[in-house]
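Numbering (my numbering), first residue to last: 11 to 334. The beta-carbon is built from N, C-alpha and C at its ideal position, and this holds for glycine as well.
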């Protein structure tokens, strides 16, 4: 299900801005069944949005444990999940953590992050479902993709890596190209429909003669074109369209078969507030509907008449039947 309009409700966020969750809003530390300290969190908006690990600090300072055995529990909140608890002896501080990457650009299909030097191998992770379509590169070298925690998108950063990581989603460009090709096809169909009937009949006659001489070649070219531009969805739409026209026996039903997918395809493309291109499902449907309309128009003879092939010598003879 796609909620149209959600894309336009996005609000730009300064990912470097300081964000603080006051005492009592962070995880709760319990020692031996008793609340020992509330916590607070100070981080950046970018770290919170991307799901990076952040440090929670006790509101009452360090918690001192007496000698002996203790039971320690840290309760997560609805917004924050505890990943690690460090128990340190007095005078020992936490090791220096690798700094979080700085987001320099962020769109639905292209992103970039600046990472600082680290002598150790690291994982650059995003809090989004893993998708094989995403790629990442550093200094022109493609990074190895990994899956973090079974579902999150990530890439391996080699030891000593520093610079800007560029992430992109190439399938979105293919979808955009398909939309452009579909628009060009729709424009061509409109031009053909606007062509005077006699000229369209002559053009249809020439195409009919060519396809009659070598139908296999024409079918192969058409099939390859449909698969390249419309994919398997487009090919399925063509099959449905041809089957529908095969079953129809009068002009009114042909007009309905042609007009319905054409109207639906146009409505899908120009619908207000389309979803983002990150998952361009709506483009696939628009492409399929457009190809269905295109093949329907071609098979119906441009709505101007129906052409029958006859003649034992292989020539195309014309018989135009008036619309019923």
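CA-to-CA distance, residue j to residue i, given in whole angstroms
i: residue 143; j: residue 117; result: 15 Å
i: residue 98; j: residue 158; result: 28 Å
i: residue 184; j: residue 69; result: 52 Å
i: residue 60; j: residue 152; result: 22 Å
i: residue 150; j: residue 95; result: 38 Å
i: residue 119; j: residue 100; result: 48 Å
i: residue 163; j: residue 156; result: 7 Å
i: residue 36; j: residue 171; result: 33 Å
i: residue 24; j: residue 72; result: 32 Å
i: residue 63; j: residue 198; result: 54 Å
i: residue 134; j: residue 58; result: 15 Å
i: residue 178; j: residue 30; result: 31 Å
i: residue 32; j: residue 86; result: 15 Å
i: residue 201; j: residue 123; result: 47 Å
i: residue 148; j: residue 28; result: 27 Å
i: residue 182; j: residue 74; result: 55 Å
i: residue 138; j: residue 130; result: 24 Å
i: residue 154; j: residue 132; result: 11 Å
Sub-9 Å separation of residue i and residue j beta-carbons
i: residue 145; j: residue 180; result: yes
i: residue 121; j: residue 128; result: no
i: residue 51; j: residue 66; result: yes
i: residue 83; j: residue 136; result: no
i: residue 48; j: residue 80; result: no
Rounded distance between the beta-carbons of residue j and residue i, thought under 8 Å
i: residue 54; j: residue 76; result: In fact, because the Cβ distance is near 37 Å, the residues do not count as touching under 8 Å.
i: residue 161; j: residue 175; result: So it is not a contact: roughly 20 Å between Cβ atoms.
i: residue 125; j: residue 173; result: 7 Å
i: residue 113; j: residue 56; result: 5 Å
Bridge partners - residue i, DSSP secondary structure assignment
i: residue 148; result: 151 and 175
i: residue 76; result: Beta-bridge pairing links residue 76 to no other residue.
i: residue 112; result: 124
i: residue 82; result: 41
i: residue 164; result: 135 and 156
i: residue 54; result: 28
i: residue 68; result: 49
Legend entry - the stretch 160 to 169 / the stretch 88 to 96 touching (three or more Cβ pairs under 8 Å): no
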